[in-house]
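What follows is a set of notes on a single structure, which appears directly below.
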Amino acid sequence: MAEYIPEIHQATLPNGLTLLGVEYDRVPWLSLTFMAKRGAEADPPGKGGVADWTADFLTLGTETRSQLQLAADIEARGASLSARGGWDATLVSLEGLAEDLPELMATLAEVVQTPAFPEDEFPMLKERRRAELAHLLDDPREFANRRFTRLLLGNSPYGHPLSGDLESLEAIRLQDLQDFYHREFAPGESTLVVVGMAPFARMREEAEKSWAAWSGGGPASPPYTQVPEGLRAPGLYLVDRADLTQSEIRLGHLGLPRSHPDYYPLRLVNYILGEGGFSSRLMTRIRSDLGCTYGIRSSFNFRRAPGPFVVSTFTPAAQTGLVVKEIKAVMQEVKEGGITAQELAEAQSYYVGHFPLGLETPRGIGSRVVSMDLYNLGPDYLKRHRERIQEVTLAAAQDAALKHLQPDSLVALVVGPASQCAADLKALGTLEIVSGN
Numbered sequence: 000m001a002e003y004i005p006e007i008h009q010a011t012l013p014n015g016l017t018l019l020g021v022e023y024d025r026v027p028w029l030s031l032t033f034m035a036k037r038g039a040e041a042d043p044p045g046k047g048g049v050a051d052w053t054a055d056f057l058t059l060g061t062e063t064r065s066q067l068q069l070a071a072d073i074e075a076r077g078a079s080l081s082a083r084g085g086w087d088a089t090l091v092s093l094e095g096l097a098e099d100l101p102e103l104m105a106t107l108a109e110v111v112q113t114p115a116f117p118e119d120e121f122p123m124l125k126e127r128r129r130a131e132l133a134h135l136l137d138d139p140r141e142f143a144n145r146r147f148t149r150l151l152l153g154n155s156p157y158g159h160p161l162s163g164d165l166e167s168l169e170a171i172r173l174q175d176l177q178d179f180y181h182r183e184f185a186p187g188e189s190t191l192v193v194v195g196m197a198p199f200a201r202m203r204e205e206a207e208k209s210w211a212a213w214s215g216g217g218p219a220s221p222p223y224t225q226v227p228e229g230l231r232a233p234g235l236y237l238v239d240r241a242d243l244t245q246s247e248i249r250l251g252h253l254g255l256p257r258s259h260p261d262y263y264p265l266r267l268v269n270y271i272l273g274e275g276g277f278s279s280r281l282m283t284r285i286r287s288d289l290g291c292t293y294g295i296r297s298s299f300n301f302r303r304a305p306g307p308f309v310v311s312t313f314t315p316a317a318q319t320g321l322v323v324k325e326i327k328a329v330m331q332e333v334k335e336g337g338i339t340a341q342e343l344a345e346a347q348s349y350y351v352g353h354f355p356l357g358l359e360t361p362r363g364i365g366s367r368v369v370s371m372d373l374y375n376l377g378p379d380y381l382k383r384h385r386e387r388i389q390e391v392t393l394a395a396a397q398d399a400a401l402k403h404l405q406p407d408s409l410v411a412l413v414v415g416p417a418s419q420c421a422a423d424l425k426a427l428g429t430l431e432i433v434s435g436n
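Just so we're aligned: the sequence shown equals residues 0 to 436 in numbering that gives the first Met the number 0.
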């Protein structure tokens, strides 16, 4: 079967809203996504979670339909509505049958343009989120992820969990959600992505009916693109959890923005380092050779501004010091010793082969188009993505590893029992005990 790389059509509505459409005729289905190009990085200080809460609240009814009516009407068409706040964007999506394009377009417009923000739902949403957070914090892995984010990034716009924490939960008011919506949901800073079995001319016609007159809010917050200040100094940090038998380990440093020219070589380097499953260097050393963990991975979080690079794993508490030491050693080897031609070829083969899997459904295509637009990757992004991966030379990959891996500047967080791991950690350098809050 010939490879499917969709054509992306574009139009700008009179109010400045960008419309991106993809005609997809393999299934009679449509995926519609509205994207406001501001997300959790625009949360007010001390109120992390506002963007995600706002997205959640948009599904709880409109000025003309209650939550129950809205849900019943959407379900009656076999459609589904979802919303979430992410880093750099807030998304509202509606999927359904292609024959229902006018109704789906009108419903999504109603949800985005005329949310009710019902006061009586706010206490229930807060209680549900409180319960969800309490459950998450009982999981040592999720606790370590959240604590590491705050430790590394501090008070920067990326320095809090997407869904907020218990402190911000108590600080957030309904007015904060309304203010975020009225400020950030502005047509000129938003995009509507439609993918499915319909001609683009019809997508545009229906979009103009439902969206062209919307004036929205604004002015939106300036896009966050700068390097964050006030980062935690490199070093070893420990949250003492005497109740644990295993240590959760997170090591990292600041990474790169999505727009950086080294994006492609660094993604390949990271696959070799720790994202390539059992073929990665970290998995080979820490699991296969040393038997210290069942799983370990590294990731660069490429966002509009530089996001974090993180290595995540867990190990029996007595082996904590060894694992931290070996992670740094593997990073140093990749940085200074470079990578092999075979490793690069395997990484390229994986990404080239995996890429089409994201283009098999309207939702998958829509997700790629959203990222393309959010990060200004250019209209030829989908067509040239695999080519750009294949163009990466061994020299370029080795240069990216040398420039962007920082094993000597890691912030290392351990969540585990100090009685079993503190001594070995102190042997690696100065250890600071930090609170679990």
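Here a beta-carbon is modelled for each residue, glycine too, at the ideal position from N, C-alpha and C.
So if DSSP puts M330 in a beta bridge, which residue, or which two residues, is it bridged to?
Answer is none; M330 lacks a bridge partner.
Counting only the same chain and skipping the five closest in sequence on each side, list residues whose C-beta sits under 8 Å from that of L343.
Contacts found: L267, I271, V391, L393, A396.
Using only the alpha-carbon positions, how far apart do I388 and Y350 sit?
Roughly 8 Å separates the two Cα atoms.
Which residues in the same chain as S418 place their Cβ atom closer than 8 Å to its Cβ, once the five residues preceding and following it in sequence are excluded?
A241, listed in sequence order.
In this structure, what does DSSP give as the bridge partners for D239?
Looking at the DSSP assignment, D239 forms a beta bridge with G415.
Figure out for me which residue from V413, D372, Y157 has the closest Cα to the Cα of Q318.
It is V413.
Over what stretch of residues does the beta strand (DSSP E) that includes M123 continue unbroken?
Where M123 is concerned, there is no enclosing beta strand (DSSP E), although the alpha helix (DSSP H) it sits in stretches over 121-136.
Measure the beta-carbon distance from S81 to S65 and round it to whole angstroms, keeping in mind my assumption that it falls under 8 Å.
Going by Cβ atoms, the distance from S81 to S65 rounds to 18 Å, so no, they are not a contact pair.
According to DSSP, what are the bridge partners of W28?
Paired residue(s): L96.
Does DSSP classify V309 as helix, strand or coil?
Three-state DSSP puts V309 in a strand.
Return the chain-ordered list of same chain residues with a C-beta closer than 7 Å to the C-beta of G84, the five sequence neighbours on each side being excluded.
The answer, listed in chain order, is G38, A39, A50, D51, T53, A54, L161.
Which residue's Cα is closest to the Cα of Q225: P186, A143, L255?
Of the candidates P186, A143, L255, the one whose C-alpha sits nearest the C-alpha of Q225 is L255.
Looking at A423: is its Cβ nearer than 9 Å to the Cβ of P233?
Ala is not the amino acid found at residue 423; the sequence shown has Asp there. Not closer than 9 Å, so no.
Less than 9 Å between the C-beta atoms of A105 and S209, yes or no?
Yes. Within cutoff.
Mind checking which residues open and close the alpha helix (DSSP H) that includes A206?
Unbroken alpha helix (DSSP H) run through A206: 199-210.
Quick check: what's the CA-CA separation for K324 versus L409?
The alpha-carbon atoms of K324 and L409 are separated by roughly 11 Å.
Residues in the same chain with beta-carbon distance under 6 Å from D261, minus the five sequence neighbours each way, listed in chain order, please.
Correct list, in chain order: A399.
Between the C-alpha atoms of P5 and S298, what's the straight-line distance to the nearest angstrom?
Each residue's alpha carbon lies about 28 Å from the other.
Evaluate A1 with the Cβ neighbour count: other Cβ atoms within 10 Å of its Cβ, from every protein chain shown; 16 or more gives buried, anything less gives exposed.
With a pLDDT of 44 at A1, under the threshold of 50, the predicted position of this residue should be treated as unreliable, though the coordinate-derived value follows. It counts as exposed.
How about P378 and Q245: do their beta carbons lie closer than 9 Å?
Their beta carbons are not under 9 Å apart, which means P378 does not touch Q245 by this criterion.
Rank G95, L253, G294 by C-alpha distance to the C-alpha of P442 and give the top, closest one.
The structure shown has nothing for residue 442, since the chain only spans 0 to 436.
Rounded to a whole number of angstroms, what is the C-alpha to C-alpha distance between S155 and K46?
Answer to the nearest angstrom: the Cα atoms are 12 Å apart.
Could you tell me which uninterrupted alpha helix (DSSP H) segments, each at least 4 residues in length, are contained entirely in the segment 213-278, listed from first to last along the chain?
List check, alpha helix (DSSP H) in window: 262-269.
Under DSSP, the alpha helix (DSSP H) around E166 begins and ends at which residues?
Looking at the DSSP string, the run of the alpha helix (DSSP H) that includes E166 is 165-170.
By how many angstroms is the C-alpha of T89 removed from the C-alpha of L107?
Rounded to the nearest angstrom, the two C-alpha atoms are 14 Å apart.
Nearest to R149 by alpha carbon, out of L253, G352, T360?
When each option's Cα is compared against that of R149, the closest is L253.
Could you name each continuous alpha helix (DSSP H) segment of 4 residues or more that falls completely within the segment 325-388, going from the start of the chain to the end?
Segments of the alpha helix (DSSP H) lying fully in the segment 325-388: 340-353, 361-373.
Just reading off the beta strand (DSSP E) that F299 is part of, what are its end residues?
First-last of the beta strand (DSSP E) with F299: 295-299.
Just to confirm, are R362 and D87 a CB contact at a threshold of 9 Å?
No, the pair does not count as a contact, with Cβ atoms beyond the cut-off.
State the Cα-Cα distance for the pair D175 and R128, rounded to the nearest angstrom.
Near 16 Å, if we compare the C-alpha coordinates of R128 and D175.
Per DSSP, I432 is paired with what?
Note: I432 sits in a beta bridge opposite L237.
Quick one, are the C-beta atoms of I326 and I295 less than 9 Å apart?
Contact flag set, yes.
Just confirm the distance between the C-beta atoms of Y157 and G306, as a whole number of angstroms; I'd bet it's less than 8 Å.
With 8 Å as the limit, Y157 and G306 qualify as a contact, their Cβ atoms being about 6 Å apart.
Can you list, in chain order, the residues of its chain whose CB lies under 7 Å from that of L427, leaving out five sequence neighbours each side?
If we look at L427 and ignore the five residues flanking it on each side, its Cβ neighbours are L235, G320, V323, K324.
DSSP three-state call for A35: helix, strand or coil?
DSSP places A35 in strand when its eight states are reduced to three.
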